[in-house]
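Report on the structure given below.
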Amino acid sequence: MTRSWPFPQDLIEALHRARHVAALTGAGISAESGIPTFRDAQTGLWAKYDPMELATPQALRRNPGLVWSWYEWRRSLVRQAQPNPGHRALVELEKRVPRFTLITQNVDGLHQAAGSHNVIELHGNILRTRCADCGRRVEQWEPPAEGEAPRCSHCGGVLRPDVVFFGEPLPQEAWQRAVEAAEDCDLMLVVGTSAVVEPAASLPRIVFHRGKVLVEVNPQETPLSSLARYRLAGPAGQVLPALVQALDAHRAQKGA
Ligand code: BV8
Ligand code: ZN
101 MTRSWPFPQD LIEALHRARH VAALTGAGIS AESGIPTFRD AQTGLWAKYD
151 PMELATPQAL RRNPGLVWSW YEWRRSLVRQ AQPNPGHRAL VELEKRVPRF
201 TLITQNVDGL HQAAGSHNVI ELHGNILRTR CADCGRRVEQ WEPPAEGEAP
251 RCSHCGGVLR PDVVFFGEPL PQEAWQRAVE AAEDCDLMLV VGTSAVVEPA
301 ASLPRIVFHR GKVLVEVNPQ ETPLSSLARY RLAGPAGQVL PALVQALDAH
351 RAQKGA
């Protein structure tokens, strides 16, 4: 049963009228799928490591085996995770608006698993692996010795997850498409992101400076909260399904 949220009528009207809706999602939308966010303390084995230290090219050079093990642990969490009602509500919303662009900072592939189409992955995907040297995508590899990273069968380079480390540039094409969506959309939902990581966090500011509607879905305040025309302070897994329901009710009433 979805808690019915008291959405402002003009928010639902703006969603109803929007020609192009964009959504920017962060780790918060996957929290209800059991994947720890970055801001949460790293659970268990990894409590003593800082993601900012491990998700870097320096860490990969210095200790590829440790970086590889950290990502193997995170991949095991992702493989057990299912999309939650928040992911599924964005699939429903995509069906209800003329144009919908889903931009995610997440690397867990849960939007695609939920059925979203043309997902823009700004930071890559943890389930894909590539060679750090020749860049080849790699589907299987010899299991590495304990504490080592596996090697590329083509060039002998260390293998790494196909994600964007801190200090690395974002994939050019993904970034371009995300900026185009921010420059064209009538409304942007910003869901489950602490809006700290750049350049992703600059996308909602483009929408704000264009005078378009920014909607933040996050139980906590963030640096974006002051720019949001609407702040829906709740978990995405409850707020987003309720938002789609309110849009349907609004349209049924208009249709009636
Ligand atoms: C770049 C893949 C330039 C890896 C990720 C100073 C020093 C050094 C660097 C910088 C600096 N200042 C700026 C930088 C640049 C740096 C950066 O932004 N650093 C920050 C930390 C200050 N950015 C970069 O390095 C980027 N690259 O700038 O390159 C360049 C250009 C040309 C040539 C060379 C270089 C690359 C950034 C990408 C890093 N990779 N991921 C991996 O995953 O291992 S980012 C990673 O962290 C995630 O992908 C994610 O994007 C980010 C975490 O952010 P969030 O998604 O927001 O998650 P978070 O946990 O923070 O927040 C969760 C939110 O959800 C919270 O607000 C919470 O309240 C909310 N929530 C919780 N539950 C729910 C919920 N919301 C809704 N419902 C719920 N149920
Ligand atoms: Zn290679």
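For what it's worth, the numbering used here labels the leading residue of the sequence shown as 101, then goes sequentially.
Just so you know, even glycine gets a beta-carbon here, dropped at the ideal spot from N, CA and C.
All values derive from a computational prediction rather than experimental measurement.
task: Excluding the 5 residues preceding and the 5 following Thr102 in the sequence, name in chain order all residues of the same chain whose CB lies nearer than 7 Å to its CB.
output: Taking the sequence shown and counting its residues from 1, the one referred to as residue 102 is at position 2. Note that Thr102 has pLDDT 48, beneath the 50 cutoff, so the model's placement of it is unreliable and no number is given.
message: Can you list, in chain order, the residues of its chain with a C-beta nearer than 7 Å to that of Thr137? Leave out the 5 residues immediately preceding and following it.
response: Here residue 137 refers to the residue found at position 37 of the sequence shown. The answer, listed in chain order, is Ala127, Gly128, Ala131.
query: In whole angstroms, what separates the C-alpha of Val225 from that of Leu210?
result: On the sequence shown, position 125 is the one that residue 225 refers to. On the sequence shown, position 110 is the one that residue 210 refers to. What sits at residue 225 in the sequence shown is Asn, not Val. When rounded, the distance between both Cα atoms is 10 Å.
7 Å Cβ cutoff met for Leu303 and Leu124: Looking up residue 303 in the sequence shown gives position 203. Looking up residue 124 in the sequence shown gives position 24. In this structure, Leu303 sits near Leu124, with a CB-CB distance shorter than 7 Å.
query: Should Leu193 and Leu270 be called a contact, given that it needs their Cβ atoms to be closer than 7 Å?
result: Along the sequence shown, read from residue 1 onward, the residue named residue 193 stands at position 93. Along the sequence shown, read from residue 1 onward, the residue named residue 270 stands at position 170. Going by beta carbons, Leu193 and Leu270 fall outside the 7 Å limit.
query: Where do the ends of the beta strand (DSSP E) carrying Ala123 lie?
result: Against the sequence shown, residue 123 aligns to sequence position 23. Per DSSP, Ala123 belongs to the beta strand (DSSP E) from 120 to 125.
message: Applying the 10 Å Cβ sphere with the 16-neighbour rule, what's the burial state of Gly186?
response: Residue mapping note: residue 186 aligns to position 86 of the sequence shown, counting from 1. Looking at its Cβ environment, which holds 16 or more other Cβ atoms inside 10 Å, Gly186 is buried.
message: Please state the DSSP three-state secondary structure of Ile306.
response: Here residue 306 refers to the residue found at position 206 of the sequence shown. DSSP places Ile306 in helix when its eight states are reduced to three.
query: Can a CB atom of chain E be found closer than 7 Å to the CB of Asp110?
result: Here there is only one protein chain, and chain E is not present.
field: Reduced DSSP secondary structure (H/G/I, E/B, other) of Asp233
entry: Within the sequence shown, the letter at position 133 stands for residue 233. Looking at Asp233 - three-state DSSP - the assignment turns out to be coil, as it is neither helix nor strand.
Helix, strand or coil at Ala114 [DSSP, three-state]: Walking along the sequence shown from the start, residue 114 turns up at place 14. The answer is helix: DSSP assigns Ala114 an H, G or I state.
- prompt: Between Gln353, Thr293, Val263, which lies nearest to Arg229 when the distance is taken from Cα to Cα?
  reply: The sequence position of residue 229 within the sequence shown is 129, counting from 1. Sequence check: residue 229 is Thr here, not Arg. Of the candidates Gln353, Thr293, Val263, the one whose C-alpha sits nearest the C-alpha of Thr229 is Val263.
field: Range covered by the beta strand (DSSP E) that runs through Tyr330
entry: As a first step, residue 330 is located in the sequence shown; it is residue number 230 there, counting from the start. That run of the beta strand (DSSP E) goes 330 to 332.
- request: With DSSP as the reference, label Val219 as helix, strand or coil.
  value: For this step, residue 219 is matched to residue 119 along the sequence shown. Here Val219 sits in coil by DSSP.
field: Own chain, CB closer than 6 Å to His120, minus 5 neighbours either side, in chain order
entry: As a position in the sequence shown, residue 120 is number 20, starting the count at 1. Cβ within range, chain order: Arg199, Asp284, Cys285, Asp286.
query: Going by DSSP, which residues form a beta bridge with Pro106?
result: Working through the sequence shown from its first residue, we reach residue 106 at position 6. Beta-bridge pairing links Pro106 to no other residue.
query: So, are the CB atoms of Arg329 and Leu314 less than 7 Å apart?
result: Within the sequence shown, numbered from 1, the residue matching residue 329 stands at position 229. Within the sequence shown, numbered from 1, the residue matching residue 314 stands at position 214. Yes, they are a contact pair.
- prompt: Thinking C-beta only, is Gln205 closer than 7 Å to Ala300?
  reply: Mapped onto the sequence shown, residue 300 falls at position 200. Mapped onto the sequence shown, residue 205 falls at position 105. It is a contact, given that the beta carbons lie within the stated cut-off.
message: Under 8 Å: do the stretch 146 to 158 and the stretch 170 to 178 share three or more Cβ pairs, one atom per stretch?
response: A contact exists between the stretch 146 to 158 and the stretch 170 to 178.
task: Mind checking who Ile203 pairs with in its DSSP beta bridge?
output: As a first step, residue 203 is located in the sequence shown; it is residue number 103 there, counting from the start. Note: Ile203 sits in a beta bridge opposite Leu124, Ile220.
- prompt: Should Asp233 be listed as close to the ligand ZN, given that the test is whether its C-beta is under 6 Å from any heavy atom?
  reply: To locate residue 233, count along the sequence shown from 1; it is residue 133. Yes, since a heavy atom of the ligand ZN falls inside the 6 Å radius drawn around the Cβ of Asp233.
message: DSSP three-state label for Val396, please.
response: Any property of residue 396 remains undetermined from this structure, which presents the chain solely from 101 to 356.
field: Buried or exposed (CB count within 10 angstroms, at least 16 for buried), Cys231
entry: For the purposes of this step, residue 231 is taken as the residue at position 131 of the sequence shown. It counts as buried.
message: Does the beta-carbon of Gln320, which I'm using as the reference point, lie nearer than 6 Å to any heavy atom of the ligand BV8?
response: Start at 1 with the first residue of the sequence shown, and residue 320 comes out as number 220. Yes, the beta carbon of Gln320 sits closer than 6 Å to at least one heavy atom of the ligand BV8.
C-alpha distance - Asp140 paired with Asp150, whole-angstrom precision: Taking the sequence shown and counting its residues from 1, one reaches residue 140 at position 40. Taking the sequence shown and counting its residues from 1, one reaches residue 150 at position 50. Computed Cα separation, rounded: 11 Å.
message: Quick check: the Cα distance between Ala181 and Val297, rounded to an integer number of angstroms?
response: By 1-based counting over the sequence shown, the position of residue 181 is 81. By 1-based counting over the sequence shown, the position of residue 297 is 197. Straight-line Cα distance between these residues: approximately 24 Å.
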